[in-house]
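Here the protein sequences line up with chains P and G, keeping their order. With numbering that gives the first Met the number 0, the residue at position 19 of the first sequence is 18, and numbering never jumps. With numbering that gives the first Met the number 0, the residue at position 17 of the second sequence is 16, and numbering never jumps. Heads up, the beta-carbon is just placed ideally off N, CA and C, and yes, glycines get one too. Here is the structure we will look at, set down as structure tokens.
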Amino acid sequence: MTDFLKGYDIQYWLESCPQGYLEDTQYGHGASAREPDLVLENPTLREQAIGTTVQLVVGERCALAASSGLINAAPDEASKRFLATQTLDEARHVEVFTHRLYDLGVKKGELEDVIAQYANPNLVHFAELLLERVDAKDFVAGVVGQNVVLEGMAFNVFEMLQAANRETNPKFAQTLAGTIADERRHVGFGENRIGSLVREHPERKRDIEQLQKEMSYFMLATFGDQMRQGPTPEQVSEIVTASGGTPVRQAEWQGLKLSEAAPEELEAVLGDTILKEFKLRLERIGIEYQTPERPAA
Amino acid sequence: MDLHALEPEDFDREVRSFEFWLDAVRDYLPTADGLELPPDDVAPEDREPLITVLSSYCVGEMMALEGAGGLIRSAPNRSSKIFLSTQTVDEGRHLEVLTNRMTELGVEDVDAEIRRRANPYLLEFRERLLDLIAQGRWQQALFVQNVLLESMEFAAFCHHIQLADARTRAILEGIVKDERRHMGFGENELGRLIAEDPGLRDDLSHLRQEFDYLALGSFEHALTELRIPAAEHPTLKRGYLAAVKRLGFA
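This is how it looks when you write it as structure tokens:
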């Protein structure tokens, strides 16, 4: 256990993150980068960008509260130090995505109202469930909820968003690339640390599986809701063409042309990817995937 | 950007940001290929006392790590949460460099050594600080963490820097730079809260009396363990009291 945690120490984090892929960035992107004019000027695209970014802020606020709250619950010093780096990563994510909302024209005094207006209720419910476990100082449940379910599932969504924005919005794509690099580290820690705890305490396996079943519903429901909202690819093409631009068709993710895919196709491929990787991750941890059920209303 | 031209709210947001933290620490953080520490030149007879001192520092930094992390939840706004996140990683880094130093000095099981040598006054300080945090008492917990605990560490490290071997001194000098930032946040945030609610100052003064006993007790215990002559003990205690006073909490 000690050896694997050596790869998650603060010195490593400093060299790879602030002194590595974040070098020469400001709020996660190049100092001169800005949101595309079309996103700022077109009400439909701007609203879509605000709606997406609000989910990122809500998810990252939850991750900040969870990772900082888990420091006191961690059973060993090395895990506490790793969680300190994760806490700062999550705070940085809150900062960069909040700044994106400002860049999109949200006024500072309106921030909380905008977040309340657009926050997905399923994501809010997920956060409540996770923070209940963190408040109870349940380290295993907290790490499963945060580093395995929340970040493990969000990871693929970030990758898809990054692929979709690489050509059309390099500023947002760069911000996402830094976030993805952080999430990769967090997910790796969760997988390794929970894997070792499941081996030490096999009696907790059933409890962890139940937790995964309960929590993953709300994450999948959030992704589904977001996919079904906003303009269709045809509407986006029309907006781009009407503004005198040429719609970008190159963006691909998992073999799907993102600028042409219908919401149902996006949801299906995202669901397949998330679940495929998620099942593999759970297998490596030593637990079996449980199909989530719709909670009783 | 001219920080001093900003409105107070924007100034706070800026100086508490991740970006500001990164700029502040960039010059003194060790990197893969830079900031080499001086060679180890601890005399054999100084090794044991140094391990005892470092063990106490580790208990203090562990408490500071748990405290800063725990405070994030009750912080009243985003900029405070973000600042406390930078403080959390600072405290974790202090713990890491101090435990590495113990390993360099030949300690094989650092955790066991820290437990064996732990200062009982510090352990009680930790328990009471974490209680305040668990109760969500933001102002009181921030006062104990960022004024009293940071002043204790500041006084102990500044005192030790004058006597330390070159390698330990370089480590402590880096830590002290972080402590100044943490104390500044506590002073600024509590100063604003006291201006809004003057009764808070009395509340914090009572709290201070309770915690001073533990702070001064922990210094006494450490100095006795180190067999420092009793005549020299008041210097360190005065350093702590002066640090608290400088922050406006005489």
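Check	Outcome
Spell out the partners DSSP gives Q25(P) in its beta bridges.	H28(P)
Under a Cβ-count criterion, where at least 16 other Cβ atoms within 10 Å of its own Cβ denotes burial, should D88(P) be classed as buried or exposed?	buried
Along chain G, in chain order, which residues have C-beta atoms closer than 8 angstroms to that of D8(P)?	E95
Is the Cβ-Cβ distance between L255(P) and V268(P) less than 8 angstroms?	yes
Is there at least one Cβ from chain G nearer than 8 angstroms to L103(P)'s Cβ?	no
Residues bridged to E126(G) by DSSP?	DSSP output for E126(G) lists no bridge partner at all.
Do you know offhand how far F124(G)'s Cα is from A63(G)'s?	11 angstroms
When you compare the CB positions of N119(P) and Q54(P), do they come within less than 8 angstroms of one another, or not?	yes
Assuming L104(G) is part of the alpha helix (DSSP H), what are its boundary residues?	Segment: none, L104(G) is in no alpha helix (DSSP H) and carries neither H nor E.
Taking DSSP as the reference, what is the three-state secondary structure of K256(P)?	strand
Just to confirm, are I49(P) and Y117(P) a CB contact at a threshold of 8 angstroms?	yes
What residues from chain G crowd round T178(P), counting only those whose CB sits closer than 9 angstroms?	Within 9 angstroms Cβ-Cβ: nothing; T178(P) doesn't reach chain G, min ~13 angstroms.
What is the DSSP secondary structure of E76(P), counted as helix, strand or coil?	helix
Between the C-alpha atoms of C57(G) and G19(P), what's the straight-line distance to the nearest angstrom?	28 angstroms
Is there a Cβ from chain P that is less than 8 angstroms from the Cβ of I50(G)?	no
Going along chain P in order, which residues have a C-beta closer than 7 angstroms to the C-beta of G59(G)?	Within chain P, no residue comes near G59(G); the closest Cβ sits about 14 angstroms away, beyond 7 angstroms.
What does T167(G) reach in chain P if we use C-beta pairs closer than 8 angstroms?	Under the 8 angstroms cutoff, chain P gives no residues; its nearest Cβ is about 18 angstroms from T167(G).
Could you check the C-alpha separation between W148(P) and F217(P) for me, to the nearest Å?	At residue 148(P) the sequence reads Val, which differs from the Trp that was named. So the alpha carbons of these two residues sit roughly 10 angstroms apart.
Chain P partners of R114(G), CB-CB under 9 angstroms?	None at all; the shortest Cβ gap to chain P is about 11 angstroms.
What three-state label does DSSP hand E34(P) in the structure shown?	coil
E251(P) by DSSP, collapsed to three states: which one?	strand
Could you list which residues in chain P have their beta carbon closer than 7 angstroms to that of S16(G), in chain order?	E94
Do the region 177-187 of chain G and the region 144-154 of chain G make contact, defined as three or more Cβ pairs closer than 8 angstroms?	yes
Assign H3(G) to one of two classes, buried (16 or more other C-beta atoms within 10 Å of its C-beta) or exposed (fewer than that).	exposed
Which residue from P262(P), W252(P), F222(P) puts its Cα closest to that of E233(P)?	P262(P)
Where does the unbroken alpha helix (DSSP H) through C57(G) begin, and where does it stop?	43-73
Would S16(G) be called buried (16 or more neighbouring beta carbons within 10 Å of its own) or exposed?	buried
If you follow the alpha helix (DSSP H) that N191(P) is part of, which residue opens it and which one closes it?	169-199
What is the residue span of the alpha helix (DSSP H) that S217(G) lies within?	198-224
Once DSSP output is grouped into helix, strand and coil, what is the label at G223(P)?	helix
Taking the continuous alpha helix (DSSP H) assigned at K236(G), which residues delimit it?	232-245
Which residue from A140(G), L240(G), L213(G) puts its Cα closest to that of L203(G)?	A140(G)
Here's a check: name, in chain order, each residue in its chain whose Cβ is nearer than 7 angstroms to the Cβ of D11(G), leaving out the five neighbours to either side.	S78
Could you give the DSSP three-state label for E282(P): helix, strand or coil?	helix
Let's see if you can read the secondary structure: which residues bound the alpha helix (DSSP H) around R180(G)?	165-195
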